[in-house]
Amino acid sequence: SAVISQKPSRDICQRGTSLTIQCQVDSQVTMMFWYRQQPGQSLTLIATANQGSEATYESGFVIDKFPISRPNLTFSTLTVSNMSPEDSSIYLCSVVWTGLEQFFGPGTRLTVL
Amino acid sequence: DAKTTQPTSMDCAEGRAANLPCNHSTISGNEYVYWYRQIHSQGPQYIIHGLKNNETNEMASLIITEDRKSSTLILPHATLRDTAVYYCIVRGPRNTPLVFGKGTRLSVIA
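Chains H and L are the protein sequences, given in the same order.
Its first residue numbered 15, the first sequence is counted upward by one per residue in this note's numbering.
Its first residue numbered 39, the second sequence is counted upward by one per residue in this note's numbering.
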């Protein structure tokens, strides 16, 4: 299986600022995804992080708000821009392994004041 | 949108088998059934998946009905550490992302 780490594990930020979350995988993987989990809710897919090209965003998520980079097959970043309290969530990186199994990082807990 | 229906919550006595049902009546022939669980704000943990045959691993068993319209996840001897939200997910082609529904909150009671 793939081992995924995320930095930071948690942060408290002021509204109007931006936070970049890092995701590191211990193996090369083709597919990487970013999810959001708002308080008390299930996981929602934000985007697919594509290596060497622009991310593919789900309905309701835009690049200006959630820019994503994927410079290689083991690393990706998600930036939450111009934050508001509504962005307070857990953000999770996820990868597909062997095409069938999908694994998740431990998440980044973001609180926006 | 999620393609599955699960009860909102269930209780199970410690040491007993926990049987978690899931309906997926619109499942297609090439779609798999996956189960994950999430223990209080941790990242979701993979449990098991199957296509049409029953599956078993060290964590659980997955029973899929012959028509594939429903399935049951079985935790044979539930412990307090199995208290979590359990997600049943129908997933299509390889490399497509999982789409989560609301899941079942399982409480294992001593």
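Built from N, CA and C at the ideal position, the CB exists for glycine as well.
Check, Outcome
"Within chain L, the residues that residue 110 of chain H reaches when beta carbons sit closer than 7 Å", "133"
"Beta-ladder partner(s) of residue 114 of chain L, from DSSP", "Residue 114 of chain L is not bridged to any residue."
"Sequence-distant residues of its chain with Cβ nearer than 7 Å to residue 42 of chain L (five each side left out)", "60, 61, 62, 126, 127, 128 and 139"
"Proximity below 9 Å, CB of residue 58 of chain H to CB of residue 52 of chain H", "yes"
"CB-CB length for residue 146 of chain L against residue 100 of chain L, believed under 8 Å", "The Cβ separation is near 19 Å, so there is no contact."
"Beta-ladder partner(s) of residue 24 of chain H, from DSSP", "H:123"
"Cα-Cα separation, residue 82 of chain L to residue 93 of chain H", "22 Å"
"Within-9 Å CB hit, residue 70 of chain L to chain H", "yes"
"For residue 143 of chain L, three-class secondary structure by DSSP", "strand"
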